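Here's the structure, in structure tokens; my notes come after.
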Amino acid sequence: VLNGIEVVNEDTQKRVREAVVKLGYRPNIIARSLKTQRTRTVGILIPDISNSLYPEIVRGIEDVANIYNYNIILCNSDLNLDKEKEYIYILKEKMVDGILFMSNSLEDMCLDIIQKLDIKTVLIETTVYNKNIPNITIDNIKAANEAVNKLISNGRRRILYIGDHKDTLNASAYRYKGYIKALEENGIEI
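Take 19 as the starting number for the sequence shown in the numbering used here and just add one per residue.
Structure below.
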């Protein structure tokens with residue numbers, strides 16, 4: 019009856035539904051997930067919840083997850099690679115249906131673990147160009163270029179870039195490229 023398989027007569031279905039309400043019955047999600055191999059749970063892995071970017075994104079994810087009857091597990095890595103790796107294993111043990119991985123870079127070690135454990139993953143604000151992992155991000159080069167051009171159009175000529183930009187393929191490195199491009203396009207010394 020609870021699975022919607024109509025092999026029980028209508029009177030019995032009605033009595034079962036009344037008993038469910040009266041007893042406050044809720045199905046055992048763990049038992050159900052062992053059979054279906056789905057937990058209706060998504061893991062969210064973020065580097066630092068105190069960064070003002072993440073709470074609003076997490077809130078949006080939770081709102082959409084609730085619409086589709088999904089739960090979330092939030093993991094805050096504190097920008098610690100060892101913690102990040104451990105959380106990936108924990109989320110796999112919790113049998114999450116997938117991970118939303120938020121970061122401005124993805125270490126190869128974490129990527130290897132995700133692929134080895136075969137966890138469905140969507141990257142947010144990071145991109146791995148040589149792998150087939152879906153991602154959600156902005157064009158950081160274009161965004162930085164537009165921001166610097168806006169400063170220049172407002173009469174600014176001495177524009178400082180603060181951020182990481184070497185030896186990584188992360189959002190900061192792409193923003194740096196956009197910064198450099200805008201300065202060069204406008205004949206401004208770096």
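Every residue, glycine too, gets a C-beta built ideally from N, C-alpha and C.
None of the values given here were measured: they were computed from a predicted structure.
For the beta strand (DSSP E) containing Ile142, list its first residue and its last residue.
Here residue 142 refers to the residue found at position 124 of the sequence shown. Taken as a continuous stretch (DSSP letters only), the beta strand (DSSP E) holding Ile142 covers Thr139 to Ile142.
Determine whether the beta carbon atoms of Val166 and Gly205 lie at a separation below 8 Å.
For this step, residue 166 is matched to residue 148 along the sequence shown. For this step, residue 205 is matched to residue 187 along the sequence shown. Contact flag unset, no.
Thinking just about the alpha-carbon of each residue, which of Ile67, Asn158, Gly42 and Tyr179 is nearest to the one in Leu97?
Residue 97 sits at position 79 when you count from the first residue of the sequence shown. For Leu97, the nearest C-alpha among the options comes from Ile67.
Does the beta-carbon of Met120 have 16 or more other beta-carbons within 10 angstroms, so that it is buried, or is it exposed?
Translated into positions along the sequence shown, residue 120 becomes position 102. Met120 should be labelled buried.
Considering only residues of the same chain and omitting the five flanking positions on each side of Glu125, which have a CB-CB separation below 7 Å?
Within the sequence shown, residue 125 is the residue found at index 107, counting from 1. Hits under 7 Å: Leu99.
Measure the beta-carbon distance from Thr59 to Ile91 and round it to whole angstroms, keeping in mind my assumption that it falls under 8 Å.
Position 41 of the sequence shown, counting from 1, holds the residue named residue 59. Position 73 of the sequence shown, counting from 1, holds the residue named residue 91. Yes, Thr59 and Ile91 are in contact; Cβ-Cβ is about 6 Å, under 8 Å.
According to DSSP, which residues form a beta bridge with Met120?
Position 102 of the sequence shown, counting from 1, holds the residue named residue 120. Per DSSP, Ile142.
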